[in-house]
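So the mapping is simple: our numbering equals the position in the sequence shown, first residue as 1, plus 128. The beta carbon of each residue, even a glycine, is placed where N, CA and C say it ideally should be.
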Amino acid sequence: MKKLLSVMLIICMLLPTAYAAEEVEPLTSEELNAFTQGLIERAIADELTVEKEGEGYFLHGRGYMLELQSEDLSPDSLVKSALIDIESIDVSGLTAPRVTVVTQAAGAVLASYPTDNPSLKGTDREAVLYLRGDLPNDVHVGKLTRSGQMITLIEYSVYSMNGDSVGEIGLQYTINNGYVSAIRYYTAENISVAEAEMRLESLSALQEENSYFAYDTVSPQPLEREDLSIQGLDFIDLSPEIAERMLGKSLSKERLSDSDGNFIETMDWENLKIVFIYDNSGKFLYTKSIVAIGDVEGPRGIRLGENMVSVLSRFPGQTESLSGEHTLLYGTEGENSVYAVLKQDKSEQALYINLPMDDYNILFTCRFVDEIVAEFSLSR
Numbered sequence: 129m130k131k132l133l134s135v136m137l138i139i140c141m142l143l144p145t146a147y148a149a150e151e152v153e154p155l156t157s158e159e160l161n162a163f164t165q166g167l168i169e170r171a172i173a174d175e176l177t178v179e180k181e182g183e184g185y186f187l188h189g190r191g192y193m194l195e196l197q198s199e200d201l202s203p204d205s206l207v208k209s210a211l212i213d214i215e216s217i218d219v220s221g222l223t224a225p226r227v228t229v230v231t232q233a234a235g236a237v238l239a240s241y242p243t244d245n246p247s248l249k250g251t252d253r254e255a256v257l258y259l260r261g262d263l264p265n266d267v268h269v270g271k272l273t274r275s276g277q278m279i280t281l282i283e284y285s286v287y288s289m290n291g292d293s294v295g296e297i298g299l300q301y302t303i304n305n306g307y308v309s310a311i312r313y314y315t316a317e318n319i320s321v322a323e324a325e326m327r328l329e330s331l332s333a334l335q336e337e338n339s340y341f342a343y344d345t346v347s348p349q350p351l352e353r354e355d356l357s358i359q360g361l362d363f364i365d366l367s368p369e370i371a372e373r374m375l376g377k378s379l380s381k382e383r384l385s386d387s388d389g390n391f392i393e394t395m396d397w398e399n400l401k402i403v404f405i406y407d408n409s410g411k412f413l414y415t416k417s418i419v420a421i422g423d424v425e426g427p428r429g430i431r432l433g434e435n436m437v438s439v440l441s442r443f444p445g446q447t448e449s450l451s452g453e454h455t456l457l458y459g460t461e462g463e464n465s466v467y468a469v470l471k472q473d474k475s476e477q478a479l480y481i482n483l484p485m486d487d488y489n490i491l492f493t494c495r496f497v498d499e500i501v502a503e504f505s506l507s508r
């Protein structure tokens, strides 16, 4: 595929573990104020007109939007919120703090700020990047929201004392398929010191959470035995009883005989299809395959809807180009060999990874449509 000719360079930009940048400081109130002041000056230069929409006062420019505290537009105007959108890429100088921009890779944004959590440990929904300072001094917060390995929002904020209450201002980077699709500046309503302390304590607790992490994209290893699970179901040790205990009763079940005299039983759940093999006496032998057809997590945190570059970044690659129809990513192709191959045909792509066991092979298959994960499976 033409747009993947330099895919290995793109991979290095996608995820935070690909960065070893020198230490930078947390986002500050001064940076945020300079950013909004720059937008005010741009709006004045663009001769924008304040529009009242509901209870808010808005300015709509090319590639950006401002919500003001009042209907006055002047160098002293106070900004309640701001947005930089996709049109900003065609507007000279329209950037967010640290020269971050729409269409930038999520990893590049993360590298523009400090992190005390390079492996992004947390839950499968969120992680704290940094939490620095204590009230009554400014408290600097970096965090992200994700769906498994897919980052959906990166947020940097500052908590500051405002009299007897605490205010919060910050930036939110909306992430779509690994890239920034919008940048939003926000101000939150002042809250009490007690409520602010509770929020910060909650973030501190999340900072200690390590039940989930981002997979290595700097020196990723080949698929391993420990990766062979989908939605927490260990493929090697899986049985019908374990499946129903963890997933609940199947929605449907069908048993057929094969040419060897064994029985093939297919069980369906909302997001999974599992095939089990029994001998002719009805004794369970092994699990033949698990196919993910819905919102579940597979090997290396892969989920439906992820882009192909992000998936490939979690496995080794011994080539700089993926432009061919058949590309060996690692290993040596052979019936009982460890290898990974990417095959491409027009709008469809497929990743095949073979992992030999004692007397059989496990095949991980990930199918893409227009370079977006559409289905993945484990089989033997």
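Check whether the Cβ atoms of residue i and residue j lie closer than 8 Å to each other.
i: residue 503; j: residue 419; result: yes
i: residue 244; j: residue 230; result: no
i: residue 155; j: residue 299; result: yes
i: residue 209; j: residue 199; result: no
i: residue 330; j: residue 251; result: no
i: residue 324; j: residue 263; result: yes
i: residue 272; j: residue 281; result: yes
i: residue 517; j: residue 469; result: Because the chain in this structure spans residues 129 to 508, residue 517 falls outside the shown range and cannot be described.
i: residue 379; j: residue 392; result: no
i: residue 434; j: residue 501; result: yes
For the beta strand (DSSP E) that contains residue i, what are its first and last residues?
i: residue 315; result: 307-320
i: residue 472; result: 467-473
i: residue 299; result: 293-304
i: residue 263; result: Segment: none, residue 263 is in no beta strand (DSSP E) and carries neither H nor E.
i: residue 480; result: 476-484
i: residue 495; result: 489-497
Could you please give the first and the last residue of the uninterrupted alpha helix (DSSP H) stretch that includes residue i?
i: residue 372; result: 368-375
i: residue 163; result: 157-173
i: residue 438; result: 436-440
Any idea what DSSP makes of residue i, helix, strand or coil?
i: residue 412; result: strand
i: residue 193; result: strand
i: residue 237; result: helix
i: residue 149; result: Confidence at residue 149 is low in this model, with a pLDDT of 45, below 50, so the placement of that residue is unreliable and no value is reported for it.
i: residue 383; result: strand
i: residue 418; result: strand
i: residue 395; result: strand
i: residue 275; result: strand
i: residue 445; result: coil
i: residue 357; result: strand
i: residue 218; result: helix
i: residue 205; result: coil
i: residue 269; result: strand
i: residue 503; result: strand
i: residue 255; result: strand
Tell me which same chain residues have a C-beta within less than 7 Å of the C-beta of residue i, skipping the five on either side of it?
i: residue 341; result: 247, 248, 249
i: residue 219; result: 190, 191
i: residue 197; result: 206, 208
Could you name the residues of the same chain whose beta carbon sits closer than 6 Å to that of residue i, not counting the 5 residues immediately before and after it, in chain order?
i: residue 226; result: 240
i: residue 184; result: 195
Residues in its own chain within less than 8 Å of residue i by CB, not counting five upstream and five downstream?
i: residue 352; result: 483
Handout entry: Given 8 Å, three or more beta-carbon pairs between the stretch 354-370 and the stretch 392-409
Key = yes
Handout entry: Cβ contact check for the stretch 437-453 and the stretch 342-362: 3 or more pairs under 8 Å
Key = yes
Exercise for the section: Could you tell me whether the stretch 352-366 touches the stretch 408-427, where touching means 3 or more Cβ pairs closer than 8 Å? Expected result: The answer is yes - the stretch 408-427 touches the stretch 352-366, with three or more Cβ pairs under 8 Å.
Exercise for the section: Evaluate the contact criterion for the stretch 151-167 versus the stretch 283-291: three or more CB pairs, one atom per stretch, below 8 Å. Expected result: yes
Exercise for the section: Mind the definition here: the stretch 408-419 touches the stretch 494-508 only if three or more C-beta pairs lie below 8 Å; say whether that holds. Expected result: yes
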